[in-house]
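Student: Count along the sequence shown starting at 1, add 673, and that's the number in my numbering.
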Amino acid sequence: MTWYAYVLLSLKNGNLYKGITNDLERRISEHNLGKNRSTKINAPWKIVYFEKFMTRDEARNREKFLKSGKGREFLKFIIPL
674 MTWYAYVLLS LKNGNLYKGI TNDLERRISE HNLGKNRSTK INAPWKIVYF EKFMTRDEAR
734 NREKFLKSGK GREFLKFIIP L
């Protein structure tokens, strides 16, 4: 099964959200339809970055990195805000 680590950008206020999923299109739709408690207040969202992984553990490790200080620095270089 393919897993994804992804980053969403809030079109409402510019916040970033990082997560993982095994169905990227479905998950983005859930975020934009308000089905996620932590993101519904800042919808709409657009995907600005994602990576594919073979396992959930690999995707989770990348998500943890993207949420870290070094990960935030990395995102500054690839996401024009």
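Positions of the beta carbon are idealized from the N, C-alpha and C atoms, including for glycine. All values reported here derive from a predicted model rather than from experimental measurement.
Of the residues Ile693, Arg699, Met674, Ile720, which one's Cα is nearest the Cα of Gly687?
Tutor: Here the closest residue by C-alpha is Ile720.
Student: Quick one: using the 10 Å Cβ neighbour count with 16 as the cut-off for buried, is Phe726 buried or exposed?
Tutor: Buried: at least 16 other Cβ atoms inside 10 Å.
Student: What three-state label does DSSP hand Leu706 in the structure shown?
Tutor: Looking at Leu706 - three-state DSSP - the assignment turns out to be coil, as it is neither helix nor strand.
Student: Would you identify the three-state DSSP class for Gly692, choosing helix, strand or coil?
Tutor: Looking at Gly692 - three-state DSSP - the assignment turns out to be strand.
Student: May I ask which residues mark the beginning and end of the beta strand (DSSP E) holding Leu682?
Tutor: From DSSP, the beta strand (DSSP E) with Leu682 extends over 676-683.
Student: Does the Cβ-Cβ distance between Phe738 and Gly744 come in under 8 Å?
Tutor: A contact, by the Cβ cut-off of 8 Å.
Student: Please classify Gly692: is it buried, with 16 or more other beta-carbons within 10 angstroms of its beta-carbon, or exposed?
Tutor: Buried.
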